[in-house]
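Reviewing the structure listed below.
Right, here's the structure in full:
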């Protein structure tokens, strides 16, 4: 009966009407959040940023997490240029930090600072927990960038559910060594998320070929999932400039919106 649409949630402040407390989000975040109603029509942009241990891997000059932070910062500053609201979900195998969407340069600086200064408690990756939170924080359609290496399991159902409600754009961060092994002889390889150590003989051509096949299979499965859900998506490599693939993605989306092909 307010004559206004439910837009999003934010942390409870003294004086807020307790009738508008969102009990589901409050229970999930162990803090009190209230529903916000608005008549404004600006866009809301959510950044879902993967801070799991696998993001710290890097065979080039910088680990994946640096590219993750740079991509997220670019998207955040692009959003304020368009006068959009920006929010943030930092996650590993749990929610590490939730920053409700707001407008303004100072808020975007807070978002970027949260990413750069993050010290996650978790090691693994649970894309589902981040996608579930995204699905519960607002009824208005949101543009959500999921910035991750997508080295994770069992997130397909959550992605399908939330992409039916929001405009989800996966941005996969990749390292060249994830696609093929270098020939360096016997190597002790650690799973950064589980700590498991495995010795492999990288000088064995069959081992390298099998590794490359499995990497390609996983990549193809991810891309098939994104296409099946009709999601715009892009892969960004740590060894290449990330601005160009993002620019091409946005140009494609703009052409689609304006009816050009």
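Numbering (the working numbering), first residue to last: 4 to 264.
Backbone N, C-alpha and C fix where the C-beta goes; we use that ideal spot for every residue, glycine too.
For residue 236, which of 170, 113, 137, 142 has the nearest alpha-carbon? 170
Beta-carbon spacing of residue 245, residue 70 below 8 Å: yes
Count the other CB atoms, across all protein chains shown, that sit within 10 Å of the CB of residue 251; report buried if there are 16 or more and exposed otherwise. exposed
Would you kindly report the start and end of the unbroken alpha helix (DSSP H) that includes residue 230? 208-231
Give a yes or no on whether the C-beta atoms belonging to residue 126 and residue 56 are separated by under 8 Å. yes
Helix, strand or coil: how does DSSP classify residue 170 here? strand
Determine, using beta carbons only, whether residue 28 and residue 36 come nearer to each other than 8 Å. yes
If residue 136 and residue 98 are in contact, beta carbons under 8 Å, what's the gap, nearest whole angstrom? 6 Å
Close Cβ partners of residue 47 (< 6 Å) along its chain, the five nearest in sequence each way excluded: 88, 104, 145
Assuming residue 131 is part of the alpha helix (DSSP H), what are its boundary residues? 130-139
Excluding the five sequence neighbours on either side, which residues of its own chain have a C-beta within less than 7 Å of the C-beta of residue 166, listed in chain order? 232, 234
If we ignore side chains and look at the alpha-carbon of each, how far apart do residue 107 and residue 85 end up? 10 Å
Between 93, 119, 121, which lies nearest to residue 130 when the distance is taken from Cα to Cα? 93
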